[in-house]
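Data first, discussion second: the structure below is written as structure tokens.
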Amino acid sequence: FVEAAGCGSEQEVADYYCRIGALIGIIYLLNGNDCHFENLIASGAYPTLIDLESVMHHDARPFADELGDNAMFFARNQLGNSVFRTGFLPSWKEGKDGFLYDMSGIGGYGNGVSPYLLSKWHHINTDQMKLSFTPGRYQDLNNLPVLNGQQQKPVPYTEQIVAGFTAFYKLVILHSNEVPIHLFAGKELRFIFRSTQIYAMVIKKLMNPKYMRTGIKRSIGIELLTRAFLHNQPPNPYWSVSKSELRQMEETDIPIFWADSDKADLKDNAGIISVGHMRNVVYDEVKSQINKMDEKDLAKQVKFIRASLFFKEAGHDSVKDTEETHVWKLEEISALDKDKLIESAVKIARILQSEAIFSTDGSCSWMSAGIIGTNRFRIQPMSKFLYDGMPGMLLFLSALYAVTADPEIKRLNEAALKSLRQVIDNMHQYHVYASTSPLGIASGISSVIYALLKISAFLDDPSFIQDAEKVSDLVTPSMIQKDRYFDIISGSAGCILGMLALYKHSGHAESLEKAILCGEHLLKNVTKNNDGSCGWTTAGKNMLAGFSHGQAGIAYALLKLYEVTGNARYRDAAEQSIRYENTLYSPEHNNWEDIRGIEEQKDHVPSFMSAWCHGAPGIGLARLASMHLSNEPSVEKDIQNAIEETRRAVNSMTSRDHICCGNLGLADILLYFAQKTGDKYLVAESAELTAKVILAAEKRGHYNILLGSGENLANTGLFQGLTGIGYSLLRQAFPDKFPCILIFD
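Below is the structure:
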């Protein structure tokens, strides 16, 4: 029996986390998983794992062969076989209703949100009595060390965790022939097919009278578990497992499966149910893993550990200014010439080339920091959308090849393109994947359309327009009706821009029809205010200001739809939305308030950002790009205020360099302002800021993206990564050749 106990000193806390690092190394070596917070007890300076039935775990054959040997599958496999598979390390996940949770061994703590909804009655014994469901919270956990009555969170002890992991890893390298792996030969191991909580939720659901009236209704309730198999082409190798699940669930048991460590067959309590079910025999995998452990893999796993701990608490606005932020004043920097800008973009491409994961079929992909929710990140294989995925990578590489004709860049671009086209084909073959995807032009299906149209223009290749039309076919009226994002990033507003872009390029009539459906969907779901203004609730519970998730972006999309259709209802809704947004304007700060999370604040303190995503720069961008379409009298003044605030933000600088909410986003917005207004001083300020970013990056050895340190993760995304930085440099060099992607030109 192990009893949870506190630590007696800070040194004991440090020792605890050093041992955590070693435990991560042990479970990583054994191919283990399921080390979540309920399976870890902090007993003084000693972390103790319990429920070790999956300390060595088989990998099953792929659920479906949609991607085959595609590099995106390779990237997922690489991540799945990393330290992340242990379950120890913090990793954000998104619940059904958009809330974020973390159940990892050292990431689940405090009053954290659980992935399961709890029921709660309101207005009991009144006519207004109703039942609601809210995310549960886990409390009184014993997984973290306690000092002086306070849980000691892992992030401040990152170095101790890394040290413990590194020490164990190097011990294995030195004594690889002495690891007592033979002790695991012939052992019966638990195989986790689904989370136990999923089974428990179904069993609880079956207690509802709806499923207790007849045996047929109860069976239908149980067969909800088979939904995951329906998109597979027959014969489905998992039907034998499904039958066993249903049989065990009929007996109100949590389905349990087993496999011997040195065999590939899957068993349940009645015997073997699937011969050769496993991709590889885990005992052989572990022996192979020991032989493959080296300094290169150690460095990769340490990078994953550091990134996961950083992302536990990091968000959009988590990077603090460093001592380098104000190294130079802008007037001390001269604009760089085209050759220097191109050279800097090529250097970024070389970094991306070195980070690429190539497959045997000639495709390639990347690992990156993907955004989850509205303000968190996690390590993941590159996504299929523009914001942090393959379309953004291709947009940059295609633009770079267009001005350099570099054969290595061409090969890299073609390998990435192969991955994207395979994903598009996969979405068509398994439409369930597309039907659950967002619609927006940054993190949705429309973003793929937009990227393909730009790539077609950069490479002068009309075949990409056909690809874009193929992607547009994936968007259905039912998907539009289900959209609750509404915004530019993921919602119907972004879909309007993507569909209109395709319509303008090819005259694709169905695209215009879908854009109109999106416009009608927005009008149907608008929130009207008593003062005649209106808006949309997007990220969270509030009607936000700003371009990415706010009213400025939605109004911009509606005005562009009005431009094509002439339907004044879209213009009127956009203008009413602008009026609401201006109620959040603060003359004192010359900016629009960022009210994300305001409902959670006890004492409201106004918050302001000055970036593309939130604040004056993005709002000014939207107003300026659509001012010829609006009669709203405040627009011209809004633009003047936004330009003034953007120039102020440029002079104060931020420690991030990317285009979403960093320096090069401000530089690109200034350049767009200059192109539209003809102000040559704005051109100079934009060029000088870009020069400063490049020279500072050369001095410190990297661009500041997320971590802002020497351990900077090579984030490959477009909006918050290297590809966007590279594209912005090309746009500075060729402003008339490459459009402003921040306005989805």
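For the sequence shown, our numbering begins at -5 and goes up steadily by one.
Built from N, CA and C at the ideal position, the CB exists for glycine as well.
Taking a contact to require three or more Cβ pairs closer than 8 Å, the segment 436 to 456 and the segment 377 to 388 qualify as touching. In the DSSP assignment, Gly540 falls outside any alpha helix (DSSP H) and carries neither an H nor an E. With a threshold of 16 other beta carbon atoms within 10 Å, Asp333 falls short and is exposed. For the alpha helix (DSSP H) assignment, the uninterrupted runs of no fewer than 4 residues enclosed by the segment 417 to 456 are, from N- to C-terminal side, 425 to 429, 439 to 453. A Cβ-Cβ distance of about 29 Å is found for the pair Leu394 and His422, leaving them out of contact under the 8 Å criterion.
Taking each of Arg405, Asp651, His271 in turn and checking the Cα distance to Ile688, the smallest one comes out for Asp651. Your pair Cys12 and Ala157 checks out as a contact, with CB atoms roughly 6 Å apart and the cut at 8 Å. In the same chain as Thr430, and ignoring 5 residues on each side of it, no C-beta atom comes closer than 8 Å to its own. When DSSP assignments are scanned along the segment 137 to 223, the uninterrupted stretches of alpha helix (DSSP H) that are 4 or more residues long and fall wholly within it turn out to be 152 to 168, 190 to 200, 209 to 216. Under a 10 Å Cβ-count criterion, Asp477 is classified as buried, with 16 or more other Cβ atoms of the shown protein chains found around its own Cβ.
Per DSSP, reduced to three states, the secondary structure at Ile719 is helical. Looking at the DSSP output, Leu111 sits in a beta bridge with Pro129. Excluding the 5 residues flanking it on each side, Ala54 has same chain C-beta neighbours closer than 7 Å at His271, Met272, Arg273, in chain order.
From the listed residues Asn263, Thr559, Lys535, the smallest Cα separation to Ile589 is found for Lys535. DSSP places Thr521 in the strand class (E or B) of the three-state scheme.
Cβ-Cβ distances below 6 Å link Leu219 to Glu239 in the same chain, with the five nearest sequence neighbours on each side left out; the list follows chain order.
Between the alpha carbons of Ile510 and Lys554 lies a gap of roughly 11 Å.
Between Ala568 and the set Val558, Ser580, Ala551, His583, the nearest pair of CA atoms involves Ala551. The Cβ atoms of Gln374 and Tyr22 lie no closer than 8 Å to each other. Annotation for Phe541: Ile482, Gly547, Trp606, Cys607, Gly612, Ile613, Leu615, Ala616 place their beta carbon closer than 7 Å to its own, counting only its chain and skipping 5 residues before and after. In its chain, beyond the 5 residues on either side, Gly0 have a beta carbon closer than 8 Å to the beta carbon of Gly143. For the pair of segments examined, the segment 453 to 467 was found not to touch the segment 524 to 532: the number of CB pairs separated by less than 8 Å stays below three. DSSP places Gln714 outside both helix and strand once states are collapsed to three, so it counts as coil.
Between Tyr666 and Ile336, the alpha-carbon positions lie close to 20 Å from each other.
Per DSSP, reduced to three states, the secondary structure at Leu496 is helical.
Around the beta carbon of Trp115, fewer than 16 other beta carbons lie within 10 angstroms, which makes this residue exposed. DSSP places Trp252 inside the beta strand (DSSP E), whose first and last residues are 251 to 254. In terms of CA proximity to Phe185, Asp259 leads the group Thr710, Asp259, Phe738. For Gly488, the number of other beta carbons within 10 angstroms of its own is at least 16, and it is reported as buried. In this structure, the alpha-carbon of Ser126 lies about 6 Å from that of Ser113.
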